[in-house]
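Residue numbers (our numbering), protein chains in the order written: chain L, 95 to 460; chain U, 55 to 387.
Just so you know, even glycine gets a beta-carbon here, dropped at the ideal spot from N, CA and C.
What follows is a short report on a single structure.
As structure tokens, then:
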């Protein structure tokens, strides 16, 4: 067959379509995930220490009066912010995890790889452990949490800014990755020192924050969380195409016309907004950020970020909601640490899925 | 006709951590429709030159001109539409199908979301077809063999619709048949598609057979350009590849191990058996000498197949294989 430069004449039958993936199937799967997310959302409003019938929950959401007035408070003030926080946090962590795994071409990369959680932890540790006012802060309810949140945001922001500023001088992503890890070690080391000298009740307060929780966010904070996560997700959406190019590595991405340095700024900015804010409000929630992208790749059988991004968003939100439901132990008054639940239930699930996919499953990239 | 890619007094190398010039005063031209092989010993700067020509690193001095324009001034997307590369780095992305990989070649043409148009689809299909991997389109990139992966990367580069195609050692890691297939495809692309193709290789033999032109990059001194045969006849290849223990043999166009002569033999026989007997003797360190050698080897054939006689001082030994022949000669030298 002679080679001619494109364009060449071809019969319409001959072109494309044959090898094209099945977008219909993927849209169907995304729709399924959306429905599951909606179901989990309603379930999380209905279940808890008090079970509220689903029909009543829907009535409340539509602005109606439930048969018991206490339910109104439970659903709107306690459970709704918590469920929305879970969805936002899960989506944010999953999407930022996806971005980090692609940017660093490392299947073990996660949202906190650049020291975001270490920075936030340091901020919280400084507030809870290094100051004598911690008891007062904790006793002040929402104000106390605002203090913790503010500290976490500041800590995460400081580390991210350092990485960002230094990242300008760095050409290779691997160097940046190692730098981020080193920042993390330094922050963790300082936290260890603070814990070592901290009073037991201060240490307890710090540890409670590290367990992770979706229940410490009130309506106003939720608005902030939703706005920042929304901005992060929008940036991430516009980064789908550059991330696809980065799958082949920086050199190829550059050769296809991508300004790798610019793209990297935006990826880091987006991931920092998503993971940093989430960590500030909910604590360092492990596992979702690293696992959800792998699950989505396995479920959707694609590496295309235009598919993976909405998939991670939906599945991340769904899994965070489910983890929160389990952590609250519906029907009881006790609850488990969120981080324990995400890992205890999530890790075996991921193992099972990966092993049952057979030999072909390998890390995102090598 | 004008060259699509040319350099003016180009100096290549690294500026950090220390400034190091790898080569300088490079003035080369790449023409449309030609396949150029870049040859040179390790450390001469083949990859550095390719990377500089593809604007993956900055020149230390001088200029690279792409279709008459200063390459340094081109916008990334503009450059990507004219020049594409196949690199040595191994790309393995899980869940990436060959079709999706090739589709990435459309990157400089699609708008912000990366949505492919029907025209893009056609070009992707054409690229797959040209390289001969349409049937691999649905396969995951991680399942491919080295040869198939190299073809997929070539198809991706073609989907970029370049004028210039630069490949860094595209035949490394491949076995001989697959190396020939890749080189043949590239040759056809240059001839029939009018692409300007530049590739670096260590495969001297194949380069001498396939290239329209060779850029020879010595460890020291200026780049030498010419038809493969010119460079053999002027002795340029010999001098560039001269090193201890290995020498370029202008008669065969390949490398020869230079080793001390262990003995002299005379050889009778003809055809293919003679040729390979010569090779075996040369490998063992014997040199052919019709006049003074005391030992004569005769290649002949009987009812059971090939057979070699070793004659000396009125004695005769019979060998049934070259392995045996070499063993006896070495033992009795």
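Item, Value
"Residue 303 (chain L), buried or exposed, once every other Cβ within 10 Å from all chains shown has been counted against 16", "buried"
"Where the alpha helix (DSSP H) containing residue 268 (chain U) begins and where it ends", "Element bounds for residue 268 (chain U): not the alpha helix (DSSP H) but the beta strand (DSSP E), 267-270."
"Cβ of residue 250 (chain U) within 7 Å of any chain L Cβ", "no"
"CB-CB length for residue 309 (chain L) against residue 176 (chain L), believed under 8 Å", "5 Å"
"C-beta contact flag for residue 140 (chain U) and residue 237 (chain U) at 7 Å", "no"
"CB contact below 7 Å: residue 162 (chain U) versus chain L", "yes"
"Inter-stretch contact at 8 Å, needing at least 3 Cβ pairs: the segment 329-336 of chain L / the segment 145-156 of chain L", "no"
"For residue 250 (chain U), the residue or residues it bridges with in DSSP", "U:218"
"Contacts of residue 133 (chain U) in chain A (Cβ-Cβ under 8 Å)", "No chain A is present in this structure, whose protein chains are L and U."
"C-beta contact flag for residue 121 (chain U) and residue 58 (chain U) at 7 Å", "yes"
"Rounded separation between residue 251 (chain U) and residue 390 (chain L) - CA only", "40 Å"
"Start-end ranges of the alpha helix (DSSP H) lying completely within the segment 268-310 of chain L, minimum 4 residues", "294-305"
"Residue-level contact to chain L via CB, residue 126 (chain U), 7 Å cutoff", "no"
"Close Cβ partners of residue 319 (chain U) (< 6 Å) along its chain, the five nearest in sequence each way excluded", "340, 347, 349, 351"
"9 Å Cβ cut-off: residues of chain L touching residue 99 (chain U)", "Within chain L, no residue comes near residue 99 (chain U); the closest Cβ sits about 18 Å away, beyond 9 Å."
"For residue 278 (chain U) and residue 79 (chain U), the rounded distance between their alpha carbons", "11 Å"
"Against chain U: residues of the segment 332-349 of chain L by CB proximity under 7 Å", "332, 334, 335, 338, 339, 341, 342, 343, 345, 346, 348, 349"
"Any 3 or more C-beta pairs closer than 8 Å across the segment 268-275 of chain U and the segment 237-248 of chain U", "no"
"Cβ pair residue 442 (chain L), residue 191 (chain L) closer than 7 Å", "no"
"Secondary structure of residue 371 (chain U), DSSP reduced to three states", "strand"
"Residue-chain proximity (residue 71 (chain U), chain L), Cβ-Cβ < 7 Å", "no"
"Contacting positions in the segment 391-421 of chain L - beta carbon closer than 7 Å to chain U", "391, 395, 396, 397, 398, 400"
"Min CB distance residue 168 (chain U) to chain L below 7 Å", "yes"
"Cutoff 7 Å: residue 130 (chain U) Cβ touching any chain L Cβ", "yes"
"Min CB distance residue 150 (chain U) to chain L below 7 Å", "yes"
"Short-range partners of chain L found in the segment 316-333 of chain U, where Cβ spacing is below 8 Å", "none"
"Best match in U:69, U:81, U:85, U:77 for proximity to residue 248 (chain U) [C-alpha to C-alpha]", "U:85"
"Burial state of residue 346 (chain L), where buried means 16 or more other Cβ atoms lie within 10 Å", "buried"
"Bridge partner(s) assigned by DSSP for residue 302 (chain U)", "U:309"
"Under 8 Å by beta carbon: chain L residues contacting residue 375 (chain U)", "Within chain L, no residue comes near residue 375 (chain U); the closest Cβ sits about 43 Å away, beyond 8 Å."
"Any C-beta of chain L under 7 Å from that of residue 58 (chain U)", "no"
"Own chain residues within Cβ distance below 8 Å of residue 147 (chain U), not counting five before or after", "155, 195, 196"
"Collapsed DSSP secondary structure at residue 116 (chain U) in the structure displayed", "strand"
"The segment 365-385 of chain L in contact with the segment 195-215 of chain L per 3-pair CB rule at 8 Å", "yes"
"Neighbourhood of residue 120 (chain L) by C-beta distance below 8 Å, restricted to the same chain and skipping five residues each side", "394, 396, 401"
"For residue 342 (chain U) and residue 327 (chain U), the rounded distance between their alpha carbons", "15 Å"
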